[in-house]
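This report refers to the structure that appears directly beneath it.
Number of protein chains: 4
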Amino acid sequence: MRAMYLEKSGVIVEKHVPKPVPQADEVLVKIKAVGVCGSDIEYYEHGRIGNFIVEKPLILGHEASGAVVEVGESVTSLEVGDRVTLEPGIPCRKCEFCKSGRYNLCPNVQFMATPPVDGAFREYVAHPADFAFKIPDSLSFEEAALIEPLSVGIHVARRANVQPGDRVLILGAGPIGIMCLETSLIRGALEVTVTDVIDFRLAKAEALGATEIINAKTTPTDSYAKTFDKVIQTAGTSETYAQGLALAARGGRIVQVGHPSVQHVPIDANLLITKELDMVGSYRYTNTYPEAISLINARKVHLKPLISKSFSFEEVEKALEYPKQHPDSCIKAVVRF
Amino acid sequence: MRAMYLEKSGVIVEKHVPKPVPQADEVLVKIKAVGVCGSDIEYYEHGRIGNFIVEKPLILGHEASGAVVEVGESVTSLEVGDRVTLEPGIPCRKCEFCKSGRYNLCPNVQFMATPPVDGAFREYVAHPADFAFKIPDSLSFEEAALIEPLSVGIHVARRANVQPGDRVLILGAGPIGIMCLETSLIRGALEVTVTDVIDFRLAKAEALGATEIINAKTTPTDSYAKTFDKVIQTAGTSETYAQGLALAARGGRIVQVGHPSVQHVPIDANLLITKELDMVGSYRYTNTYPEAISLINARKVHLKPLISKSFSFEEVEKALEYPKQHPDSCIKAVVRF
Amino acid sequence: MRAMYLEKSGVIVEKHVPKPVPQADEVLVKIKAVGVCGSDIEYYEHGRIGNFIVEKPLILGHEASGAVVEVGESVTSLEVGDRVTLEPGIPCRKCEFCKSGRYNLCPNVQFMATPPVDGAFREYVAHPADFAFKIPDSLSFEEAALIEPLSVGIHVARRANVQPGDRVLILGAGPIGIMCLETSLIRGALEVTVTDVIDFRLAKAEALGATEIINAKTTPTDSYAKTFDKVIQTAGTSETYAQGLALAARGGRIVQVGHPSVQHVPIDANLLITKELDMVGSYRYTNTYPEAISLINARKVHLKPLISKSFSFEEVEKALEYPKQHPDSCIKAVVRF
Amino acid sequence: MRAMYLEKSGVIVEKHVPKPVPQADEVLVKIKAVGVCGSDIEYYEHGRIGNFIVEKPLILGHEASGAVVEVGESVTSLEVGDRVTLEPGIPCRKCEFCKSGRYNLCPNVQFMATPPVDGAFREYVAHPADFAFKIPDSLSFEEAALIEPLSVGIHVARRANVQPGDRVLILGAGPIGIMCLETSLIRGALEVTVTDVIDFRLAKAEALGATEIINAKTTPTDSYAKTFDKVIQTAGTSETYAQGLALAARGGRIVQVGHPSVQHVPIDANLLITKELDMVGSYRYTNTYPEAISLINARKVHLKPLISKSFSFEEVEKALEYPKQHPDSCIKAVVRF
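Chains as they are written, first to last, in the numbering used here: chain H, 1 to 337; chain L, 1 to 337; chain V, 1 to 337; chain Z, 1 to 337.
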């Protein structure tokens with residue numbers, strides 16, 4: 001089969017490699033669409049993210065959908081021809097985290113496109129059947145690929161414990177910020193204020209239901225008159241970390257999901273204590289795919305507006321470069337097979 | 001009655017002022033013992049804590065116990081002669097925080113010895129009956145005064161959600177650190193590691209049940225081999241803030257109760273996200289007094305070992321100076337009336 | 001002022017009594033609309049509900065809205081002319097339940113139209129300002145009166161912990177069942193199945209968003225193919241109690257809010273254990289009014305479709321009799337002043 | 001190897017069968033001790049429990065400990081010679097319950113001594129390594145076998161959410177009731193009242209820390225003066241179901257773990273609603289073994305006092321009959337190999 005390998009920073013090379021053979025509890029999936037994530041771009045550009053270093057050629061892409069073309073002998077949940085979306089992280093199923101329902105913290109997880117585990121920019125992937133989820137006919141493969149970032153947003157909204165009537169502040173209107181906007185609204189959030197420095201993104205947020213948008217470049221934080229029950233930080237700048245603490249209401253809850261751009265972020269810990277805030281991290285997701293598919297099916301979530309541009313399999317390199325080159329018009333690039 | 005006023009930084013002056021008259025739902029309490037808190041010392045030395053500034057003479061002291069000498073006409077829960085301990089913060093009972101059980105966040109709270117509200121270094125205090133709690137005969141007034149800092153420890157343990165079998169790390173073995181040690185053990189914590197830079201305090205922690213003590217001055221953090229399910233930070237240094245994030249186990253929970261000594265504390269937010277930690281503030285307490293009294297009565301908590309030195313009413317100034325002058329022998333100073 | 005008293009079962013008598021005088025923290029409200037609740041009808045018909053017995057003439061009605069005509073001297077949150085809805089239960093603010101945020105369990109609560117506390121079928125009510133909530137101009141007084149039953153629905157949905165993607169079963173489509181339907185949908189419930197024995201009610205549920213309606217008279221329980229994550233029982237029959245246990249999914253949660261029509265309800269406790277269900281009661285509400293008003297204002301909840309018939313002040317008796325006489329056309333009767 | 005089979009009700013037959021061969025992720029354990037559970041007795045006497053029917057010869061026993069004698073090729077957590085206790089239920093690791101941390105609800109679980117899955121009354125068991133837990137040298141094999149019922153008690157205390165200062169009522173002082181007593185005390189319960197109809201059991205409860213014991217045969221429920229924050233029902237009679245509702249405090253929580261002796265238990269659902277109680281089932285356990293071993297190791301739990309009588313492998317039948325024959329002297333019978 002054909003596969004697109006990251007050879008070194010900035011260089012994607014197509015190779016021919018053997019088609020994987022599904023094990024007893026796996027399905028073989030013909031990949032149909034793969035979304036481009038910020039982490040793919042990071043690996044493509046710098047060959048590493050923190051301690052994760054690309055040391056040998058790696059297939060990128062972990063937001064994937066496709067069609068089942070073969071099923072392992074013990075698989076009963078899926079059959080050939082089923083259209084599926086893939087949850088990309090396969091945990092060990094045996095550690096304390098797996099057994100207690102927090103498998104996103106499994107230290108032995110095999111996560112697609114995280115070195116040294118190959119991702120989905122290839123024709124076929126063999127995947128455990130219970131991490132491949134059937135999608136309805138009404139859902140395109142491109143949308144199905146975006147269930148992965150939607151999962152991040154579902155997990156964030158759970159960690160934020162968004163409640164009906166909540167005032168929510170979302171710092172950053174990239175793909176994750178937009179997903180968090182959608183998952184906050186689903187839970188009955190009353191007001192969702194979204195900030196960013198790019199007007200195109202803010203307009204997208206508004207179109208998807210934000211009750212207020214703020215361009216942080218032109219509006220100083222001091223002029224935000226409100227405080228918020230829940231703050232979701234997706235931008236990763238020191239400023240947004242500071243804003244979270246300043247703008248959270250007494251007793252409020254802040255979710256950090258945007259990795260900080262600097263090693264150490266300065267925080268005003270007095271605010272954490274005197275307002276008795278909760279500040280929590282959100283990492284990947286657990287048990288989100290069935291909910292995500294249901295919500296899309298019921299038209300409570302919209303993924304199509306996030307797809308800014310499609311590319312062919314041969315254009316993987318272009319797809320990885322497009323989002324940064326077009327910040328004013330691109331939320332999400334998707335590769336179609 | 002006699003009352004001890006903080007006239008200006010470092011100067012306590014005794015004055016004679018009218019005895020307060022209890023309102024219908026209040027009791028008049030003859031004060032018998034008052035503990036010295038770090039915040040009292042701070043006001044005594046610098047005349048302010050953050051935005052709270054002593055602008056006119058203020059009576060300090062908010063860890064108080066005494067005897068009921070008069071009851072308001074609608075009080076049925078207490079009678080003359082009852083020995084009581086006082087919960088020092090009276091919330092408004094009407095705001096969203098009061099109505100939802102988080103009255104420690106009431107913006108209208110009247111909290112003893114927080115400017116401009118007078119505290120307990122005086123002969124009599126009129127206090128709402130429902131914030132005065134009967135204590136058993138077996139409990140001394142000095143111990144009863146320490147139910148206030150014990151309440152801080154109970155609230156921290158609740159915020160930490162300490163569970164049976166937990167490994168707990170307590171950073172700082174001052175009065176609050178020690179209280180958190182005791183309240184963690186009550187909840188079934190299996191291992192409680194306590195750090196400090198003063199050996200006397202560590203020895204006290206060990207005597208009260210710490211399973212491991214570490215002098216942070218001589219033992220570098222890197223050599224702590226373990227991670228911890230719950231971390232309680234009571235020391236307020238940038239180092240302890242950093243240690244919390246470094247030593248928390250995946251999925252762990254950190255409670256910040258020690259106010260930071262600098263305005264902005266640098267934190268490694270990547271750890272917060274990738275270990276999916278909860279980092280929460282803990283502020284004062286709510287609904288702790290009945291539990292505290294029960295636990296003492298059942299001999300599950302020990303307060304006597306924390307009382308390092310007693311002073312007379314005339315010696316309030318000395319009492320406020322003693323703890324800092326005797327770091328190697330003093331956990332808690334108490335004024336006896 | 002004029003007031004409508006329940007003299008004895010089935011007899012309402014108009015009297016002239018002194019206009020109440022608001023205390024310092026109260027407002028005087030000119031009543032404009034009062035909804036008729038099942039409990040009003042019960043008192044009207046039988047003079048008692050369980051241990052609550054009408055022993056002297058009682059003013060019924062506890063779903064009330066009106067206009068502020070006078071404010072007590074210490075009231076700052078409201079002014080004359082404000083349109084308000086009244087939360088009818090005033091708790092003691094001092095007991096363990098009030099202080100911990102569960103004031104619906106306050107043993108000393110004064111609840112309108114629960115003997116011996118008078119209700120709202122009268123021209124004026126003096127009410128604590130913090131239990132009178134300003135409503136937007138866009139909301140009619142009749143709708144505002146229904147914020148009380150909506151509050152029951154909000155509290156039930158909180159007790160049920162309805163989550164996005166949940167399959168919810170609501171047993172009974174009376175006013176409370178309908179409110180629970182709306183509050184479940186707000187929280188992102190994916191499927192809401194509603195059962196009743198009256199087609200008119202089921203049609204109303206369908207119009208308001210139920211994804212499936214079942215007439216329990218014609219469809220045996222055995223033929224319900226699904227199980228449900230959350231079950232909300234509002235009907236109070238032994239059958240609905242049994243259905244809750246049978247139709248809850250493993251690990252599911254059942255909320256009982258419909259008082260049982262018999263003293264002892266038989267339950268299959270083996271199901272409770274082997275499916276490890278939660279079965280919880282829901283009683284009145286706490287801290288629901290601000291959320292309710294916000295949700296209505298944002299058009300996320302609809303109250304108008306529930307108002308089946310309006311009556312004048314003189315027609316209170318008729319209003320109390322109407323719902324039972326018109327089961328096939330009446331969800332809610334409201335008295336307009 | 002030798003194995004003891006239940007041939008038909010009341011008849012245990014020893015057979016020689018092949019020694020099992022451990023798979024890659026399994027260990028082979030030489031069984032050393034097996035506790036006798038009420039369910040073993042039930043199968044022995046009646047050949048069934050509810051819908052679980054013994055249709056072919058079955059090896060009973062699921063409270064087991066032993067020594068590792070062989071390890072599968074991929075096992076790294078254990079080695080030959082390790083002394084272990086076995087968690088008897090192996091879930092599928094793939095269903096929604098397994099993935100969300102509630103694997104006790106896994107519909108595909110293989111649970112020892114539940115037809116048709118064989119139990120531990122045999123010389124060797126092959127068991128997944130991650131469900132075999134190393135025990136300290138200080139712990140006897142007999143005690144280690146009792147970690148299974150201790151796990152039930154840990155899970156119940158979690159489901160009850162026992163908090164420091166709680167007043168707890170435990171209905172029934174059999175092995176599970178006693179375990180719940182111990183796990184409630186670990187969590188800081190202040191008062192634990194235990195009821196039963198057998199004085200021997202009550203004396204055992206008192207020796208293990210019950211603050212109050214009540215013989216329900218001689219003391220009518222009406223004379224219990226208190227209410228309780230948490231109620232744990234382990235006895236399974238209609239009376240204890242009724243007592244739970246009657247004696248729970250407002251806002252209290254009742255855990256049902258004792259399977260009812262009749263199909264339908266009558267409950268006063270009005271109490272559930274007006275006291276806004278939580279009544280929840282507790283089924284088996286999840287993630288309890290590491291905590292259990294830690295607590296025993298720290299001497300916070302005591303298992304030895306529960307072992308009333310030991311039997312040899314040849315005496316399995318006697319062991320199964322002993323508890324019912326000696327209600328006044330037997331808490332737990334154990335078979336030693």
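Heads up, the beta-carbon is just placed ideally off N, CA and C, and yes, glycines get one too.
- The criterion of a C-beta distance shorter than 7 Å is not satisfied by P220 (chain H) and G188 (chain H).
- Against chain L, a Cβ distance below 8 Å from N297 (chain V) picks out nothing, because the smallest value is about 17 Å.
- Secondary structure note for N161 (chain L): it is in no beta strand (DSSP E), with a DSSP letter that is neither H nor E.
- Of the candidates Z:T76, Z:H326, Z:P260, Z:T76 places its Cα closest to the Cα of E26 (chain Z).
- For a Cβ distance threshold of 7 Å, nothing in chain Z lies close to D229 (chain H): the least Cβ distance comes to about 24 Å.
- Annotation: the continuous alpha helix (DSSP H) that includes D199 (chain H) extends over 199 to 207.
- With a threshold of 7 Å between beta carbons, R93 (chain V) makes contact with chain L.
- Close to S294 (chain H), with beta-carbon spacing below 7 Å, are these residues of chain V in chain order: G165, L190.
- Think of a sphere of 7 Å around the beta carbon of Y103 (chain Z): the chain H residues whose beta carbon falls inside it are K99, in chain order.
- Under the DSSP definition of a beta bridge, V84 (chain Z) partners with Z:G66, Z:K134.
- By the CB criterion at 7 Å, L190 (chain V) and S294 (chain H) fall inside the cutoff.
- Contact between E142 (chain Z) and S310 (chain Z) holds: CB atoms are separated by about 7 Å, below the 8 Å threshold.
- Counting of Cβ neighbours within 10 angstroms places G174 (chain H) among the buried residues, the total reaching 16 or more.
- Close to E142 (chain H), with beta-carbon spacing below 9 Å, lies no residue of chain V; the smallest spacing is near 22 Å.
- One alpha carbon belongs to I154 (chain H), the other to A160 (chain H), and they sit about 10 Å apart.
- At least 7 Å separates the beta-carbon of G66 (chain V) from that of L146 (chain V).
- Boundaries of the beta strand (DSSP E) around A249 (chain V): 248 to 256.
- For T211 (chain Z), the closest alpha carbon among the candidates Z:V194, Z:A333, Z:G244 is that of Z:V194.
- Less than 7 Å separates the beta-carbon of M1 (chain V) from that of Y124 (chain V).
- By the C-beta density criterion, K230 (chain Z) is buried, having at least 16 other C-beta atoms within 10 angstroms.
- Put simply, the CB of E321 (chain V) is far from chain H, with every gap to its CB atoms at 7 Å or more.
- Interface with chain Z (7 Å Cβ-Cβ cutoff): I147 (chain L) is excluded.
- Three or more Cβ pairs closer than 8 Å define a contact, and the segment 281 to 300 of chain V falls short of that threshold against the segment 284 to 304 of chain Z.
- Annotation for L185 (chain L): the continuous alpha helix (DSSP H) segment containing it runs 175 to 186.
- It is roughly 13 Å from the alpha-carbon of V71 (chain V) to the alpha-carbon of F131 (chain V).
- Proximity of chain L to D222 (chain V) at the Cβ level (cut-off 9 Å) is not reached, the minimal Cβ distance being about 42 Å.
- Taking a Cβ-Cβ threshold of 7 Å, the residues of chain V close to D130 (chain L) are K94, in chain order.
- When beta bridges are read from the DSSP output, M279 (chain Z) appears opposite V:M279, Z:I254.
- DSSP lists no bridge partner for D40 (chain H).
- Boundaries of the beta strand (DSSP E) harbouring F228 (chain Z): 228 to 233, taken from the DSSP string.
- Pairing G252 (chain V) with L105 (chain Z) gives a Cβ-Cβ distance that is not under 7 Å.
- In the DSSP assignment, I31 (chain H) falls within the unbroken beta strand (DSSP E) covering 26 to 35.
- For a Cβ distance threshold of 8 Å, residue set G50, H259, P260, Q263 of chain H lies close to N270 (chain L), ordered along the chain.
- Chain-ordered listing is empty here: chain L has no CB closer than 8 Å to the CB of R253 (chain Z), the nearest sitting near 16 Å.
- In this structure, L:V192 is the residue among L:C92, L:D328, L:Q256, L:V192 with its C-alpha nearest to the C-alpha of T227 (chain L).
- Only residues of its own chain outside the window of five on either side were considered, and among them V36, S308, K309, F311, A319, Y322, P323 have a CB closer than 7 Å to the CB of A333 (chain Z), listed in chain order.
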